[in-house]
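Colleague:
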Amino acid sequence: MALLSAALAAVVASDRPLPRAELVYADLQPAFTLDPQRMSYIQDFRLAYAFYEGLLRWDNDTFEIEPAAAESWTISGDDLTYTFTIREDARWSTGEPVLASDFVYAWRRAVLPDTAADYAQLFFFIAGAEALFAFRAEQLERYAERPARERTPEAARALRRELNAWADENLGVRAVSERVLEVRLERPTPFFLDLLCFASFMPVHPPTVERFVSVDADSGRIEQRHGWTKPGQFTGNGPYVLTRWRFKRDMRLVASPTYEGAATPLSRTIEVRTIESPETAVLAFETGAVDWLTDVHVDYLPDLVAARREGRRDDVFWFANFGTYFWNFNCTPVLTDGRANPLADPRVRKALALAVDKRAIVDQVRRVGEPVAHTFIPPASLAGYDEEGAIRGVRHDPAAARELLAEAGWSDRDGDGVVENEAGVEFPVIELLCTSGSYHDKVAQAMQSMWESALGVRSGIRIKETKTYRDDLKRRDYMMARGGWFGDYGDPTTFLALHRTGDGNNDRGYSDPRFDELFDAATRERDPVRRYDLLEEAERYTVEETMPVLPIFHYVQFYLVDPRLRGLSDHPRKQQYLHELVIDRTAAGAD
Amino acid sequence: MGFIWRRLLQLPLIVLAVYTITFLLAWALPGSAIINDEGRAPPPAVLEAMERQYNLDDPVVFYTEYLAGATGFRWLASRVGLAEPRPGAPVFDLGPSLRYEDWTVNEIISGTLPVSITLGLAAILIATIAGVGAGVLGALRPGSLTDFATLALAMVGVSVPTFVIGAVFLIVFPVWLGVGAVGAWGSPGDVLLPAATLSLPFAAYIARLTRLGMIEQLQADYVRTARAKGLSERRVILRHALRNAVLPVVSYLGPAAAFAMTGSFVIEQVFNVPGIGQHFVSAVRNKDLFLIMGIVLIYAAMLTLFNLIVDVLYAFVDPRIRQA
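Chains as they are written, first to last, in this note's numbering: chain Y, 1 to 591; chain L, 1001 to 1324.
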């Protein structure tokens, strides 16, 4: 017993807590990686903007573009070549200057299949990037076919040298001098500057990263271990440096002594805590242990929202998001079990959409007041895109729904309340696929009763665990499935590309020549106004006529936040810059 | 001492069997191990390359390669020049985490296991003191109000789920009374609430074991003899009866300690304790193969080792077992 107690005391004593940081916030999920090229989660991106500085930065209230690591830039007359000059005082946290070649290094690794970046495709707007990806993939394939004795460490290193030589020659990113970076594009890309503000385009410090890189003799791949993202090893060029990171526990950011740019940190120290239980996270906020909770996922959220609306609380904060909650229609003609798919007919899809009372779902199922979605792209989230609200979408109209369904050949011929086709075959029971442990099944139940009463169409709910749901979705083994999408960059194509034939995220199997034509015409179009017109028409076509998805509501982001916290943005793009956040100690408010 | 050797030789075989069964189950999990479920779909070439890198394209290769890394064979081979040298690689390499890409399984386990061990030890400590105390109190006057009260408490401890008790503790202590912190881990006080919650079912079981043992022992002949020769009641109970009554408690403590120290998903969630239990559950959900296999190997080694220690201890307490 004495031994046990002594051991306990020793373990507890070895865990020295630091003094409270100036700002403490909690995420429900831990940071996954601090490698900007591999990030794909919102909490990671938020850290990227604290630890790194890209060439450019958004103003996170207006999403206008401002200089960051680059002090100036020029764009060639044909909109194909961008030339950036890097600030003279831009420094890594080691004190070394930030070089144009650091960007070349980072972007190149983002493209390589070896890095397996989720966002590799964002780089394919750069000349030669897609070709580099294909070159490397083929190079590795040929290497794997060599006999074992020819796959030596030396051969793998030679392969990497060959790759670098090819990239020097063909990739449109080049360091003209130490401070001048030249980027050539595949074709004019009007939102390229917006892309450059995104986390994936942040530079990394090549000597730091290279310390953890080796080539695998067997496969020829560049293996990148991630030891460099830990305190003591980590090197960044942003307003903060990393001083502590304990897995799924906490992370500590301290103002960087070497940072001289415009993103001056207002809070000198920031602590990020991970609290995975949503209820515990709210309690931690209620007791003042955290100043800002970045997501509120509790069943009593509607009560919190009501308390704020009625003025009983001043610490619940929300704003519209750059994302949409929808249900996927399987658009392929034949289901995986060999039956004909009635949802392949756009009229049937539109009829089902017309019969859904989205307002009722938002008011009675969600009860937190999200805006009803008639479009795929959240309105007013992109400057200059459909600002007059001309895309109307499909509004609740059961009579029109019945009519359209009858036009598609489905009506109640024998008066049993269920629709049949001409041959007397009943409309198949629509299977609604969703994931467990959330509100999706409740939304499905609501739609179920709406279709049953308005159309005489029956449906069943199939709840699956996330991995299985994802599998079913990718194999298109479903009829309708819940879905959601958040935009990545400031252009309609960040949403609309999903509907292109063969797109990696086109889980619906939607393939429409007219849509593809409009999309491709927009890609070729040089005039920004005419380009937006084409994209608006493409979106209108999908949300008013062909309906690959049934939008239900636009996501809303909820925070619990100390009312004295300054600097949060309520722009739909949901980008919070940690360097702008500070607790106003002079303001009145609960402590 | 022969039986210790026999048991030591069985150890790796048991662990290998657990490893094999877990591998078969984990491999059969639906879904992809390397796709972010809510993220963007990377190009197919990227997925293929990743699967090749982690041997996810071939179960046999994965099974043997992982075993070679985890058992230290690969490290040994690189030491004697049979394999490529791997600077900085640990002796027992449990691989990278597929989901938490900046962390290796070794880092995750070495960061979270001590937390779970601390919490588990504290819980067992509380459970033993409270359980044995309550059991003795009840056994002294069976059928009395004290006995009934301790039994009732034990029933509550066994039957109310820990997530309910945990939530009640959180709301009563930090939120209402302002004692302790929510979702914190680091200062000594942070251990108390989760440890107390975790200890309840153990304490309840120990109380019942002690009570039964005590009632039995107090009726034994040697107790009557001890009383007859004029020993104080205190001495009779603590020195004579209790010693024999706690034997079943000792044999229960081994598996109980192992169970408590391997972490509890529910308690770690409710109190936000950065322990290993949550990873055991979430690794399966994420199909994080390396993490699943790593934690299972560690668990299997820990549990078999604990059982061995208990058996050895038991042999010292009870000589009959040594001769068997």
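For glycine and all other residues, C-beta sits at the position ideal for the given N, C-alpha and C. Predicted model only: the values in this text are computed from it and were never measured.
Taking only beta-carbon positions, decide if Y/SER453 is within less than 7 Å of chain L.
Modeller: no
Colleague: Chain Y beta carbons: is any one of them nearer than 7 Å to that of L/ASP1221?
Modeller: no
Colleague: What does the Cβ neighbour count give for Y/ARG600, buried or exposed, with the cut at 16 atoms within 10 Å?
Modeller: Any question about residue 600 of chain Y goes unanswered here, given that chain Y covers just 1 to 591.
Colleague: Who are the Cβ neighbours of Y/ARG514 in its own chain at under 7 Å, not counting the five residues just before and after it?
Modeller: TYR541
Colleague: Of all the residues that make up the stretch 251-273 of chain Y, which are near chain L by a beta-carbon distance shorter than 8 Å?
Modeller: ARG273
Colleague: Given a cut-off of 7 Å on the beta-carbon distance, is the pair L/LEU1098 and L/ALA1033 in contact?
Modeller: yes
Colleague: Could you work out which residue in L/VAL1250, L/SER1251, L/VAL1249, L/LEU1218 is closest to L/VAL1236 when comparing CA atoms only?
Modeller: For the residues L/VAL1250, L/SER1251, L/VAL1249, L/LEU1218, the minimum Cα distance to L/VAL1236 belongs to L/LEU1218.
Colleague: Check whether the Cβ atoms of Y/ASP239 and Y/PRO265 lie closer than 7 Å to each other.
Modeller: Inspection of the sequence shows that residue 239 of chain Y is occupied by Pro rather than by Asp. The answer is yes: Cβ separation under 7 Å.
Colleague: Return helix, strand or coil for Y/TRP166, following the three-state DSSP convention.
Modeller: helix
Colleague: Compare the C-beta of L/ASP1093 with all C-beta atoms of chain Y and state if any pair is closer than 7 Å.
Modeller: no
Colleague: Return no unless some Cβ of chain Y is closer than 7 Å to the Cβ of L/ILE1108.
Modeller: yes
Colleague: Could you give the first and the last residue of the continuous beta strand (DSSP E) run that contains Y/ARG252?
Modeller: Segment 250-255, the beta strand (DSSP E) holding Y/ARG252.
Colleague: Assuming Y/TYR52 contacts Y/MET251 under a Cβ cut-off of 8 Å, what Cβ separation, rounded to an integer in Å, is found between them?
Modeller: No, Y/TYR52 and Y/MET251 are not in contact; Cβ-Cβ is about 15 Å, not under 8 Å.
Colleague: From L/VAL1118 to L/ILE1165, what does the alpha carbon distance come to, in whole angstroms?
Modeller: The sequence shown places Thr at residue 1118 of chain L, rather than the Val named in the question. Using only the alpha carbons, I get a separation of about 20 Å.
Colleague: Listing by chain order, which chain Y residues have their CB less than 9 Å from the CB of L/VAL1246?
Modeller: Near L/VAL1246 there are no residues of chain Y at all, since even the closest Cβ is about 12 Å away, more than 9 Å.
Colleague: Thinking C-beta only, is Y/VAL429 closer than 7 Å to Y/GLY409?
Modeller: no
Colleague: If we count the other Cβ atoms within 10 Å of its Cβ and call it buried at 16 or more, is Y/GLY487 buried or exposed?
Modeller: By the neighbour-count criterion, in which a residue is buried when 16 or more other Cβ atoms sit within 10 angstroms of its Cβ, Y/GLY487 is buried.
Colleague: For chain L, find out if any of its Cβ atoms is closer than 7 Å to the Cβ of Y/THR229; answer yes or no.
Modeller: yes
Colleague: Taking C-alpha atoms, which residue in Y/SER101, Y/THR435, Y/SER200 lies nearest to Y/LEU122?
Modeller: Y/SER200
Colleague: Could you name the residues of the stretch 1042-1065 of chain L whose beta carbon sits closer than 9 Å to any beta carbon of chain Y, in the order they occur along the chain?
Modeller: PRO1042, PRO1043, PRO1044, ALA1045, VAL1046, LEU1047, GLU1048, ALA1049, MET1050, ARG1052, GLN1053
Colleague: For the stretch 1250-1271 of chain L, list every residue whose C-beta sits within 9 Å of some C-beta in chain Y, in sequence order.
Modeller: GLU1268, GLN1269, VAL1270, PHE1271
Colleague: Could you work out which residues of chain L lie near Y/ARG246, taking near to mean beta carbons separated by less than 8 Å?
Modeller: GLY1111, PRO1274
Colleague: What residue range is occupied by the uninterrupted alpha helix (DSSP H) comprising Y/ALA70?
Modeller: Element bounds for Y/ALA70: not the alpha helix (DSSP H) but the beta strand (DSSP E), 70-75.
Colleague: Going along chain Y, which residues have a C-beta under 8 Å from L/TRP1103?
Modeller: HIS226, PHE247
Colleague: State whether the stretch 476-486 of chain Y contacts the stretch 302-316 of chain Y, with contact taken as three or more CB pairs (one from each stretch) at a distance under 8 Å.
Modeller: no
Colleague: Flag L/ALA1181 as yes if its beta-carbon sits less than 7 Å from any beta-carbon of chain A, otherwise no.
Modeller: In the structure shown, chain A does not exist; the protein chains are Y and L.
Colleague: Give me the DSSP bridge partner(s) of Y/GLN557.
Modeller: Y/PHE319
Colleague: Do you know whose CA, among Y/ARG359, Y/ALA446, Y/ASN328, lies nearest Y/ALA344's CA?
Modeller: Comparing Cα positions, the closest option is Y/ASN328.
Colleague: Please list, in chain order, all residues of the same chain as L/SER1157 whose beta carbon is under 7 Å from its beta carbon, the five residues on each side excluded.
Modeller: For clarity, residue 1157 of chain L is Gly in the given sequence; the question names Ser instead. So the qualifying residues of the chain are LEU1200, PRO1201, ALA1203, ALA1204.
Colleague: Let me know the secondary structure DSSP gives Y/ARG221 once reduced to three states.
Modeller: coil
Colleague: Looking at chain Y, which residues of the stretch 1190-1203 of chain L have a Cβ within less than 8 Å of any of its Cβ atoms?
Modeller: VAL1191
Colleague: To be precise: take each residue of the stretch 27-47 of chain Y, compare its Cβ to all Cβ atoms of chain L, and keep it if any distance is under 9 Å. Which residues remain?
Modeller: PRO30, ALA31, PHE32, THR33, LEU34, ASP35, ARG38, SER40, TYR41
Colleague: May I ask you to list, following chain order, the residues of the stretch 1021-1032 of chain L that have a beta carbon less than 8 Å from some beta carbon of chain Y?
Modeller: LEU1029, PRO1030, GLY1031, SER1032
Colleague: Spatial neighbours of L/ASP1147 within its chain, please: C-beta separation below 7 Å, excluding the five flanking residues on both sides.
Modeller: Only GLY1138, ARG1141 meet the Cβ criterion.
Colleague: Can you name the residues of chain Y whose CB is closer than 8 Å to the CB of L/ILE1035?
Modeller: ARG470
Colleague: Could you tell me which whole alpha helix (DSSP H) segments of length 4 or greater appear in the stretch 1025-1097 of chain L?
Modeller: 1044-1053, 1059-1070, 1073-1079
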